[in-house]
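As structure tokens, the structure follows; a few thoughts come after it.
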Amino acid sequence: MARRGLSTDGHHYISAAVERGAAAVVGELPPDGVVCPVPYVQVADAGLALAYLAAAQAGFPAHQLVMIGVTGTDGKTTTANLIHSILTAAGLRAGMISTINAVLGDQSVDTGLHVTTPTAPEVQGYLRRMVEAGLTHCVLETTSHGWAQHRVAACDFDAAVITNIQHEHLDFHGTWEHYRDAKARLFRNLMGGARKTSGPAEGMDKLAVINLDDAPSAEYLLAIPADRHLTYAIDQGSGADVRTAGVIYGPASTRIQVMLPAQDPFWIETPLVGEFNVSNILAATATACGLGITVDAIRSGVEAVRGVPGRMERIDEGQDFLAVVDFAHTPNALRRALEAARLMIPIDGRVIVVFGCAGLRDPHKRAMMGRIAAELADLTIITAEDPRTESLETIMAASAAAASEAGGIEGESFWRVPDRGQAIYEAVRMARPGDIVLACGKGHEQSMAFGTTEYPWDDREAMRAALRGQPLCTLPTASHP
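Everything in the sequence shown is counted per the numbering used here, starting at 12 for the first residue and increasing by one.
So this is what it looks like as structure tokens:
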């Protein structure tokens, strides 16, 4: 498969592929524009062709599964885990492919150090293994990049779930409307293919689960045809099919009274904290409701999820304050993480946040996140987060300038510390009893990009080291531009 990418062109490697045994080549250039000694087929989009070829090679495994797709800017991984847990509590044999891992029956495999949706051949391979393991359902976390690059184009979804659509990935998509359109492809996929005529999805209605609290996106997605639309919202007056009748927020747990169509309200208690997790739970609950799963299984499934790696994950080394690692790397996610952090501490406790912004990604969010941190945190440390080939100082300067404009004072309420390990250590040193130290942006990820190299990195290990009194400062910050 010869594809034209952002930084290189696969057509340049046709000769090498043939030397290694390729029997045929599929590419995007006209045949007279390539040198290819084996059969060559031109297609309009090699990425789309790859998705269907990979599905065909795997025997179209999605046809033999109930496919539940989850997309959105923030909350995808947690929502996917909640749905998977509910399906399991209902006695169904379910697999899952998420940003963190692929659950293939009794096996779980990592899906990558620094990736979102796996490649089309990897996705189809995972689905094949699920079928071979006797699973009937799959929860698949899908990203805008994954849809734009056709990684999940041949998955034939039966249910589509949205968390929210916020400011993110505009460096890749260009505009928020294009970004929203990429997310909407999951919903267009529902009615876009033939109905499944065998297997566990035979005769199923195509289900769309939509967040009414995310109003502009909700209206857009509700206009996309589906056999059934189910809406959810925290807002009790929204008229959503699934909504709260009451929420009690605590420092270590949340109690939610949930209303379903034509059923009595019921309570769920969860260790997941913050309003954003209430929304994630409602999304999973609405999905389960649409699949006909009982209230008992919904409650048991949600309550079984004690946490998700790198999502408001507590790190405990015996300290007298809270230390938390979260994946929040968008303006909306940072805001919601800081709001949740405030609920987790006493009224006189302080929120201390460490965050950065990635290089070669949407530059507009750097100022947005600096402003949010200055407004919602008591103390802020701006640091590195995958600067890649951009100037780390320039990235941090954009966030720092916005923090100043929002009333922050550099050296008093916020600081710039380029080395992320040192930044986390400094935040821990500032903490007093009753405070919370929140490291945002990396979450579960196992690497950080400096220049063109991915270096091993784990925020959770850095937090543990800092709590033990020794900064984990191993990143090559000064040697990069």
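All residues carry an ideal CB built from backbone N, CA and C; glycine is no exception.
Beta bridge counterpart(s) of residue i as assigned by DSSP
{"i": "E465", "result": "A460"}
{"i": "M270", "result": "R254"}
{"i": "Y436", "result": "Y436 is not bridged to any residue."}
{"i": "D20", "result": "R15"}
{"i": "R162", "result": "DSSP, once it has assigned bridges, lists no residue as partnering R162."}
{"i": "E280", "result": "R266"}
{"i": "H240", "result": "A219"}
{"i": "E143", "result": "None, per the DSSP bridge assignment."}
{"i": "E170", "result": "Looking at the sequence provided, one finds Ala at residue 170 rather than Glu. I79, L218, per the DSSP bridge assignment."}
{"i": "L151", "result": "G80, I108"}
{"i": "Y260", "result": "T265"}
{"i": "V448", "result": "A334, I363"}
{"i": "R427", "result": "I393"}
{"i": "E421", "result": "F425"}
CB contact flag (residue i, residue j, <8 Å)
{"i": "D337", "j": "G454", "result": "yes"}
{"i": "V448", "j": "T394", "result": "no"}
{"i": "M141", "j": "G157", "result": "no"}
{"i": "A351", "j": "G285", "result": "yes"}
{"i": "E152", "j": "T110", "result": "yes"}
{"i": "F198", "j": "A164", "result": "no"}
{"i": "T400", "j": "L371", "result": "yes"}
{"i": "A34", "j": "V49", "result": "yes"}
{"i": "A69", "j": "I304", "result": "no"}
{"i": "L387", "j": "L349", "result": "yes"}
{"i": "D359", "j": "G250", "result": "no"}
{"i": "T296", "j": "V269", "result": "yes"}
{"i": "I79", "j": "H148", "result": "yes"}
{"i": "V362", "j": "I435", "result": "no"}
{"i": "G83", "j": "I221", "result": "no"}
{"i": "G204", "j": "D167", "result": "yes"}
{"i": "I173", "j": "L93", "result": "no"}
{"i": "A385", "j": "A414", "result": "yes"}
{"i": "F277", "j": "G86", "result": "no"}
{"i": "A131", "j": "H161", "result": "yes"}
{"i": "P211", "j": "L17", "result": "no"}
{"i": "A409", "j": "G367", "result": "no"}
{"i": "C451", "j": "A339", "result": "yes"}
With 16 other Cβ atoms within 10 Å as the buried cut-off, status of residue i
{"i": "G419", "result": "buried"}
{"i": "A378", "result": "buried"}
{"i": "H184", "result": "Low confidence applies to H184: its pLDDT is 47, below 50, so where it sits in the model is not reliable enough to give any reading."}
{"i": "A234", "result": "exposed"}
{"i": "P41", "result": "exposed"}
{"i": "R266", "result": "exposed"}
{"i": "E437", "result": "buried"}
{"i": "H23", "result": "exposed"}
{"i": "E416", "result": "exposed"}
{"i": "A476", "result": "buried"}
{"i": "T9", "result": "Look at the range of the chain in this structure, 12 to 492, and you will see that residue 9 is not part of it."}
{"i": "D469", "result": "buried"}
Span separating the alpha-carbon of residue i from that of residue j
{"i": "A263", "j": "R353", "result": "12 Å"}
{"i": "R63", "j": "W426", "result": "Checking the sequence, you will find Tyr at residue 63 rather than Arg. So the two alpha carbons sit approximately 50 Å from each other."}
{"i": "D275", "j": "A195", "result": "32 Å"}
{"i": "G480", "j": "M323", "result": "22 Å"}
{"i": "S228", "j": "R191", "result": "8 Å"}
{"i": "I279", "j": "L98", "result": "16 Å"}
{"i": "R104", "j": "L302", "result": "14 Å"}
{"i": "A273", "j": "V253", "result": "10 Å"}
{"i": "L223", "j": "K217", "result": "19 Å"}
{"i": "V335", "j": "A344", "result": "14 Å"}
{"i": "P357", "j": "R347", "result": "18 Å"}
{"i": "M474", "j": "D327", "result": "9 Å"}
{"i": "V29", "j": "T464", "result": "29 Å"}
{"i": "R239", "j": "A219", "result": "6 Å"}
{"i": "V313", "j": "E396", "result": "32 Å"}
{"i": "V114", "j": "A73", "result": "15 Å"}
{"i": "G106", "j": "T405", "result": "43 Å"}
{"i": "A315", "j": "G321", "result": "17 Å"}
{"i": "V289", "j": "D246", "result": "11 Å"}
{"i": "T154", "j": "T186", "result": "16 Å"}
{"i": "G318", "j": "M12", "result": "39 Å"}
{"i": "P398", "j": "L271", "result": "45 Å"}
{"i": "T255", "j": "A244", "result": "7 Å"}
{"i": "I309", "j": "I108", "result": "20 Å"}
- May I have a chain-ordered list of the beta strand (DSSP E) segments no shorter than 3 residues that lie completely inside the region 353-413? 362-366, 390-393
- Query: Hey, which unbroken runs of the beta strand (DSSP E) at 3 residues or more fall wholly within the region 293-350?
  - Reply: 333-337
- Kindly provide the ranges of any beta strand (DSSP E) runs that are 3 or more residues long and lie completely inside the region 36-69, ordered along the chain. 36-38, 51-53
- 3 or more residues per run - each beta strand (DSSP E) lying fully within the region 83-120: 105-108, 112-115
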